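Chains as they are written, first to last, in our numbering: chain A, 124 to 233; chain B, 159 to 277. A virtual CB, placed ideally from N, CA and C, is assigned to each residue, including glycine. Note that the structure is predicted; figures quoted are calculated from it, not measured.
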Amino acid sequence: QKEVEQNSGPLSVPEGAIASLNCTYSDRGSQSFFWYRQYSGKSPELIMFIYSNGDKEDGRFTAQLNKASQYVSLLIRDSQPSDSATYLCAGVYNFNKFYFGSGTKLNVKP
Amino acid sequence: GAVVSQHPSRVICKSGTSVKIECRSLDFQATTMFWYRQFPKQSLMLMATSNEGSKATYEQGVEKDKFLINHASLTLSTLTVTSAHPEDSSFYICSAARRSGGVSTGELFFGEGSRLTVL
Chain A
124 QKEVEQNSGP LSVPEGAIAS LNCTYSDRGS QSFFWYRQYS GKSPELIMFI
174 YSNGDKEDGR FTAQLNKASQ YVSLLIRDSQ PSDSATYLCA GVYNFNKFYF
224 GSGTKLNVKP
Chain B
159 GAVVSQHPSR VICKSGTSVK IECRSLDFQA TTMFWYRQFP KQSLMLMATS
209 NEGSKATYEQ GVEKDKFLIN HASLTLSTLT VTSAHPEDSS FYICSAARRS
259 GGVSTGELFF GEGSRLTVL
């Protein structure tokens with residue numbers, strides 16, 4: 124199995140703060156990385172993906188990829204209580220196989 | 159957007175029986191679908207890759223005779239848990255990657271998941 128590592132948390136941030144979620148991966152052959160949000164008892168839903176080094180912004184979310192350090196992160200600006208969920212990082216191999224980290228639980232306190 | 163539908167969402171069965179879970183891509187053709195299993199507070203574990211018209215590819219440690227996968231059409235894959243036991247109780251999730259011109263667009267769409275409880 125390919126390895127994607129995440130801190131399980133929980134990560135607690137106050138409402139309006141920036142939440143920073145991190146992920147490392149072991150296989151340099153991975154092509155791209157995805158961030159999914161999963162509410163308890165539900166399937167994951169896509170937030171965004173990144174495949175080039177650097178930052179990618181989408182609304183309140185910014186994904187960062189550093190291939191040299193094998194490190195991926197997700198920043199959530201102006202965090203809301205509705206952002207409270209488990210965030211899954213996934214690496215893609217062979218262009219279609221997704222391997223997931225164990226997820227980081229985020230709590231945004233009002 | 160693309161939608162992947164999974165059925166049933168919940169199933170309770172007795173030990174020793176078989177359970178079939180269906181996964182449908184509703185508005186795109188999926189030559190490849192993926193089946194994941196997720197235990198409480200754990201990651202999604204890839205079980206197998208379902209290939210339309212051919213045999214599924216199983217991940218290491220997954221028993222192919224226990225988890226039967228059939229991908230008979232471009233929009234339907236089924237997972238059958240045979241002779242289910244309590245340790246098979248889990249959240250099973252299917253997914254499909256949308257492709258354009260034979261190349262994955264990179265988006266993986268998930269079904270709603272099926273929670274299996276084996277008594």
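If the five residues before and after Val136 of chain A are omitted, its C-beta is found closer than 8 Å to the C-beta atoms of Ala142, Ser202, Leu229, Asn230, Val231, Lys232, all from its own chain and listed in chain order. Gly211 of chain B and Glu138 of chain A have their C-alpha atoms spaced approximately 50 Å apart.
Every beta strand (DSSP E) of 3 residues or more that sits fully in the stretch 186 to 220 of chain A is shown, in chain order, as 194 to 199, 208 to 216. The count of Cβ pairs closer than 8 Å, one atom from the stretch 202 to 214 of chain A and one from the stretch 157 to 165 of chain A, reaches three, so the stretches are in contact.
For Phe156 of chain A, no CB of chain B lies under 8 Å from its own CB, so it is not counted at the interface with that chain.
Here Asp246 of chain B is buried, its C-beta having at least 16 other C-beta atoms within 10 Å. Chain B has a Cβ within less than 8 Å of the Cβ of Leu211 of chain A. Secondary structure note for Asp178 of chain A: its beta strand (DSSP E) is the uninterrupted segment 177 to 181. Residues of the stretch 142 to 170 of chain A with a Cβ closer than 9 Å to any Cβ of chain B, in chain order: Gln154, Ser155, Phe157, Tyr159, Gln161, Gly164, Lys165, Ser166, Pro167, Glu168, Leu169.
The stretch 246 to 256 of chain B and the stretch 186 to 204 of chain B touch, with no fewer than 3 CB-CB distances between them shorter than 8 Å. Taking 8 Å as the cut-off, the Cβ atoms of Arg182 of chain B and Leu234 of chain B count as close. Using a CB distance cut-off of 8 Å, Phe184 of chain A does not count as an interface residue toward chain B. Glu245 of chain B sits in a helix when the DSSP states are folded into three classes.
With 16 or more other Cβ atoms from the protein chains shown falling within 10 Å of its own Cβ, Ile173 of chain A counts as buried. Distances from the CA of Glu221 of chain B to each of B:His229, B:Val161, B:Leu277, B:Thr238 were compared; the closest alpha carbon is that of B:Thr238. Gly269 of chain B and Arg151 of chain A have their alpha carbons spaced roughly 29 Å apart. Residues of the same chain with a CB within less than 8 Å of the CB of Gly174 of chain B, apart from the 5 flanking positions on each side, are Ser241, Ala242, His243 in chain order. Annotated three-state conformation of Lys232 of chain A is strand, per DSSP. If you draw a straight line from the Cα of Phe225 of chain B to the Cα of Ser166 of chain A, it is about 20 Å long. For Leu274 of chain B, the pairing in a beta bridge is given by DSSP as B:Val169, B:Ser248. For secondary structure counted as the beta strand (DSSP E) over 3 or more consecutive residues, the stretch 200 to 244 of chain B holds these complete runs in sequence order: 202 to 209, 225 to 231, 234 to 239.
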